[in-house]
Every structure is written in C-alpha cells, then in structure tokens.
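In UniProt numbering, the protein residues as written are 1 to 146.
Just so it is clear, CB atoms sit at the ideal spot from N, CA and C, and this is done for glycine as well.
Quick caveat, the model's predicted, so the values are computed rather than measured.
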C-alpha cells in the first residue's frame with residue numbers, strides 16, 4: 001500500500017449517546033446520538049419543533065437531559081452544567097450581525113480573537129462554499145464575502 005492509499009481515522013472528540021428530553025408530556029428529543037470527529041464542521045437542520053435547540057442546549061450544558069450521556073475526548077461531561085468553552089462552544093441561531101463586516105468576520109465574532117488560525121481557515125472554506133451556492137441560487141444577503 002502506498003502513501004496515497006493510507007487513510008487515518010480521525011478521533012471522535014464529542015459523542016452524544018441516547019439523549020432524551022421531555023417537557024411534561026412533550027418529547028423534545030428521543031434517543032438522539034451523534035459522534036463528531038476532529039476537524040469536522042457541522043450544521044444542524046430540521047423543521048420547527050424537531051428538537052434542534054434542545055439538543056444544542058444539552059450539548060452546551062444549559063439543559064439537563066432525562067437520559068443519555070455526552071463524552072468529550074472519551075471523558076463523560078457532568079450533564080446540566082455549562083461546559084468548558086474550550087471543549088464545547090455554541091453558535092446561537094439568533095441574528096446578531098454587523099452589516100459592515102464580511103460574512104466570515106460575522107461568523108467568527110463570538111470566538112476568542114477570531115479563533116485559531118486552523119479554525120479560521122476551515123470556516124473560510126465552509127463559508128466560501130456556502131456563498132458560492134448562495135450566488136448560484138440567488139439567495140439575497142448571502143453574497144458579501146469581502
């Protein structure tokens with residue numbers, strides 16, 4: 001096998017297992033799981049009421065699940081307690097943009113000193129792909145890069 005054929009498995013850095021949350025008789029989440037590997041960037045999509053916000057709040061330690069566990073680097077987190085921001089960070093869905101800044105700078109506003117260089121470059125790749133797709137689809141207000 002030559003070097004071009006060698007692939008390296010990225011470690012799972014965040015794992016959510018069997019997370020469930022109910023509010024009275026309403027089941028916001030039922031048996032949800034997720035593994036995130038080093039270097040990956042994800043978005044969470046779904047219809048209103050699907051449990052996206054509840055799931056994110058559980059991952060961030062703002063809501064205690066009824067069942068399940070979360071591991072960061074194979075270490076269980078104490079559920080229901082805010083996580084160390086160096087381990088898990090949340091980008092909230094509420095719009096808080098600075099219209100005079102480029103898209104990337106708006107995305108990175110919540111990161112310490114705009115984040116580490118690696119993350120900034122990865123975000124740049126993702127945002128460029130999003131902007132390219134938005135231009136092709138003529139999505140307004142998503143085309144300003146610089």
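Would you decide whether residue 103 is buried or exposed? Buried here means 16 or more other CB atoms lie within 10 Å of its CB. Position 103 of the chain shown holds residue 103. The residue in question, residue 103, is buried, as its Cβ has 16 or more Cβ neighbours within 10 Å.
Does the Cβ of residue 54 have 16 or more other Cβ atoms within 10 Å, making it buried, or fewer, making it exposed? Here the question's residue 54 lines up with position 54 in the chain shown. When all chains shown are included, residue 54 counts as buried.
Could you tell me which residues DSSP puts in a beta bridge with residue 27? Along the chain shown, read from residue 1 onward, the residue named residue 27 stands at position 27. Beta-bridge analysis with DSSP links residue 27 to 22.
List the DSSP bridge partners of residue 75. On the chain shown, position 75 is the one that residue 75 refers to. Looking at the DSSP assignment, residue 75 forms a beta bridge with 72.
Expressed to the nearest angstrom, what Euclidean distance is found between the alpha-carbon atoms of residue 71 and residue 58? For the purposes of this step, residue 71 is identified with residue 71 of the chain shown, where counting begins at 1. For the purposes of this step, residue 58 is identified with residue 58 of the chain shown, where counting begins at 1. Each residue's alpha carbon lies about 12 Å from the other.
Let's see if you can read the secondary structure: which residues bound the alpha helix (DSSP H) around residue 153? Residue 153 cannot be examined here, being either before or after the span of the chain that is shown, 1 to 146.
Decide if residue 99 is buried, meaning its Cβ has at least 16 other Cβ atoms within 10 Å, or exposed. For the purposes of this step, residue 99 is taken as the residue at position 99 of the chain shown. It is exposed - the Cβ of residue 99 has fewer than 16 other Cβ atoms within 10 Å.
Beta-carbon contacts of residue 21 that lie in its chain and below 6 Å, excluding the five residues immediately before and after: Here residue 21 refers to the residue found at position 21 when the chain shown is read from its first residue. Here the set comprises 28, 29, 54, 65, 66.
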